[in-house]
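First up is the structure itself, then whatever we jot down about it.
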DNA sequence: ATTATTTATCGTATATTTGCGATAAACAAT
DNA sequence: ATTGTTTATCGCAAATATACGATAAATAAT
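Residue numbers (the working numbering), protein chains in the order written: chain A, 713 to 823; chain B, 713 to 823.
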């Protein structure tokens with residue numbers, strides 16, 4: 713499923729898409745790398761992570777498709793970095809999500 | 713993969729597990745329901761969501777396994793609610809994650 | 001004991017994800 | 001033109017996820 717049906721709200725589907733992008737430890741690690749190094753090349757990620765180049769490339773593709781990162785060509789390399797606009801969108805989607813539910817929590821008993 | 717290898721940090725794997733729990737719109741919708749209704753029964757969710765009872769039950773099982781919700785038996789029903797401790801853990805994991813990366817963003821150029 | 005209600009589980013089909021070797025594509029340097 | 005460097009894509013196998021009908025399990029009500 714590509715989360716494009718009419719059965720759920722667009723916001724729910726968008727959040728599910730972002731969550732899916734974050735749902736693998738390699739992709740979390742890649743995003744942390746990009747955050748800490750500001751930008752970096754695919755090869756640097758391959759050197760650090762314990763997975764093959766083809767696999768890294770595939771994860772990068774998924775992250776790109778989610779919108780959370782972007783790549784710019786600097787032949788023969790590709791420089792990756794976080795996509796600020798979508799990053800903030802995701803950040804606020806998640807923030808609202810946890811918050812909305814947190815309200816109920818703080819109203820209720822704590823144990 | 714069950715995200716239990718030694719190849720990634722435990723924190724990254726835990727975050728990936730939570731993200732995976734959020735990676736389907738039906739599960740997002742269920743969590744929103746639980747948040748807004750404080751607690752509710754499986755049947756209420758089945759009535760609201762556009763998916764079969766067996767499917768709802770499966771999603772609830774995954775959410776339970778992620779630790780984000782819990783169920784208590786009130787025969788013949790089961791009352792579901794958010795699990796506050798893990799909810800807050802997840803909330804702060806994600807918050808730190810977005811924040812850590814946000815720092816780099818705010819240091820960098822905005823376009 | 002039978003029936004009704006509610007939820008979990010089983011079985012199964014289909015789709016998606018993950019991982020990787022092999023190879024292609026894009027380009028720089030020679 | 002050939003070679004080297006870097007990254008994407010292809011093809012495949014294995015594992016997971018998704019969805020649902022059928023059925024079981026648990027229990028209340030009769």
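Ideal Cβ positions, reconstructed from N, Cα and C, are used throughout, including at glycine.
Residue i (DSSP reduced to helix, strand or coil)
i	result
residue 722/B	helix
residue 755/A	helix
residue 735/B	coil
residue 763/B	coil
residue 800/A	helix
residue 786/A	strand
Contact belief for residue i with residue j at Cβ below 8 Å, rounded distance in angstroms
i	j	result
residue 806/B	residue 799/A	With 8 Å as the limit, residue 806/B and residue 799/A do not qualify as a contact, their Cβ atoms being about 13 Å apart.
residue 754/A	residue 790/A	6 Å
Chain B within 8 Å of residue i, Cβ atoms only
i	result
residue 775/A	no
residue 720/A	yes
residue 778/A	no
residue 784/A	no
residue 727/A	yes
residue 734/A	yes
residue 765/A	no
residue 740/A	yes
Residue nearest to residue i in terms of C-alpha spacing, selected from the options
i	options	result
residue 808/A	719/B, 736/B, 764/B and 747/B	747/B
residue 794/A	718/A, 803/A, 780/A and 766/A	780/A
residue 733/B	812/B, 772/B and 757/B	772/B
residue 741/B	726/B, 731/B, 757/B and 751/B	757/B
residue 778/A	745/A, 721/A and 801/A	801/A
residue 832/B	792/B, 726/B and 761/B	Since the first residue of chain B shown is 713 and the last is 823, residue 832/B is not available in this structure.
residue 761/B	774/B, 776/B and 744/B	744/B
residue 735/B	797/B, 775/B, 796/B and 782/B	775/B
Outcome for residue i when other beta-carbon atoms lying within 10 angstroms are tallied against a minimum of 16
i	result
residue 766/A	exposed
residue 764/B	exposed
residue 785/A	exposed
residue 729/A	buried
residue 739/B	buried
residue 812/A	exposed
residue 770/B	exposed
residue 787/B	exposed
Beta carbon proximity, residue i to chain A, threshold 8 Å
i	result
residue 769/B	no
residue 817/B	Below a pLDDT of 50, predicted positions are generally treated as unreliable, and residue 817/B, at 46, falls in that range; the measurement from the model is reported next regardless. Judged by the 8 Å Cβ criterion, residue 817/B is in contact with chain A.
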